[in-house]
């Protein structure tokens, strides 16, 4: 049986198998191809985004540590829109500026105001970190969904195609036997292959991007601590 199936598969190329598919198998193939195309688009865009975020984050940290004035660092951060660290700095700096402007209106309880001011800056940094993490993880869920479901969608197409082929065989009045279903079975098997082709790159990219995002999250956490320490030492004495 399988010799006939493999022989039929050898005689047809992938394009022919897809073109000759009908019904549920064709619908499955269309879904899988669409998922694969969207996944590759996300992979390309996310790779470019994370690469730029990495470069710009390195740059803003270098400027931050070498600049003697925070306002100079802020001007640089405004240009580095892809850097999550730069956006955190902007959020922290804006909150710090608001606090310094209202410094003259503080109550006599300076210690309470100092604690409140530091908490406000810390809260601004935390909000920026959450917003940037959400942006970094955007569309990754689609890669995870494709990686986990595409093989099963392909398997469904294969099972349906094989079942349909044997139904046709039982209804056939010819004595061609297995040759009657070898072609349809080969066409059905392509659904599983395309499902795997869609899933494997998606899973690999998902894990790769998650690792890159974890590194950026560590940078954000480290920068947040450093920024708060500098604020405490130089602005809340």
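Residue numbers (our numbering): -2 to 234. All residues carry an ideal CB built from backbone N, CA and C; glycine is no exception. In this text the structure is predicted, and so the values were computed from the model without any measurement.
Would residue 32 be called buried (16 or more neighbouring beta carbons within 10 Å of its own) or exposed?
To locate residue 32, count along the chain shown from 1; it is residue 35. When all chains shown are included, residue 32 counts as buried.
Go ahead and label residue 71 buried or exposed: buried means 16 or more other beta carbons lie within 10 angstroms of its beta carbon, across all protein chains shown.
Start at 1 with the first residue of the chain shown, and residue 71 comes out as number 74. The residue in question, residue 71, is buried, as its Cβ has 16 or more Cβ neighbours within 10 Å.
Could you spell out where the alpha helix (DSSP H) holding residue 35 opens and where it closes?
For the purposes of this step, residue 35 is taken as the residue at position 38 of the chain shown. Its alpha helix (DSSP H) spans residues 20 to 63.
If you measure between the beta carbons of residue 29 and residue 147, is that distance less than 9 Å?
For the purposes of this step, residue 29 is taken as the residue at position 32 of the chain shown. For the purposes of this step, residue 147 is taken as the residue at position 150 of the chain shown. Yes. Within cutoff.
Would you decide whether residue 131 is buried or exposed? Buried here means 16 or more other CB atoms lie within 10 Å of its CB.
If you number the chain shown from 1, residue 131 lands on position 134. That one is exposed.
Could you tell me whether the segment 54 to 69 touches the segment 210 to 225, where touching means 3 or more Cβ pairs closer than 8 Å?
Yes, the segment 54 to 69 is in contact with the segment 210 to 225.
Quick check: the Cα distance between residue 105 and residue 44, rounded to an integer number of angstroms?
If you number the chain shown from 1, residue 105 lands on position 108. If you number the chain shown from 1, residue 44 lands on position 47. The pLDDT assigned to residue 105 is 49, lower than 50, so where the model puts this residue is not dependable, and the model offers no usable value.
Taking the straight line between their C-alpha atoms, what separation do you get for residue 37 and residue 82?
Position 40 of the chain shown, counted from the start, is the residue given in the question as residue 37. Position 85 of the chain shown, counted from the start, is the residue given in the question as residue 82. The alpha-carbon atoms of residue 37 and residue 82 are separated by roughly 27 Å.
Kindly list the residues whose CB is nearer than 8 Å to the CB of residue 134, restricted to its own chain and excluding five residues on each side of it in sequence; keep chain order.
Looking up residue 134 in the chain shown gives position 137. Excluding residues within five positions, the ones whose Cβ falls inside 8 Å are 210.
Express the C-alpha separation of residue 79 and residue 46 in angstroms, rounding to a whole number.
Here the question's residue 46 lines up with position 49 in the chain shown. Here the question's residue 79 lines up with position 82 in the chain shown. For residue 46 and residue 79, the distance between alpha carbons rounds to 7 Å.
Taking residue 222 as the reference, give the member of 158, 86, 144 and 145 with the closest Cα.
Translated into the one-based positions of the chain shown, residue 222 becomes position 225. Checking every option, the nearest Cα to that of residue 222 belongs to 86.
With DSSP as the reference, label residue 87 as helix, strand or coil.
Mapped onto the chain shown, residue 87 falls at position 90. In the structure shown, residue 87 sits in a helix (DSSP, three-state: H, G or I).
Assuming residue 191 contacts residue 26 under a Cβ cut-off of 8 Å, what Cβ separation, rounded to an integer in Å, is found between them?
Position 194 of the chain shown holds residue 191. Position 29 of the chain shown holds residue 26. With a Cβ gap of about 6 Å, residue 191 and residue 26 count as contacting.
Please determine, among 116, 67 and 98, the residue with the shortest C-alpha to C-alpha distance to residue 90.
Counted from its first residue, the chain shown places residue 90 at position 93. Ranking 116, 67 and 98 by Cα distance to residue 90 puts 67 first.
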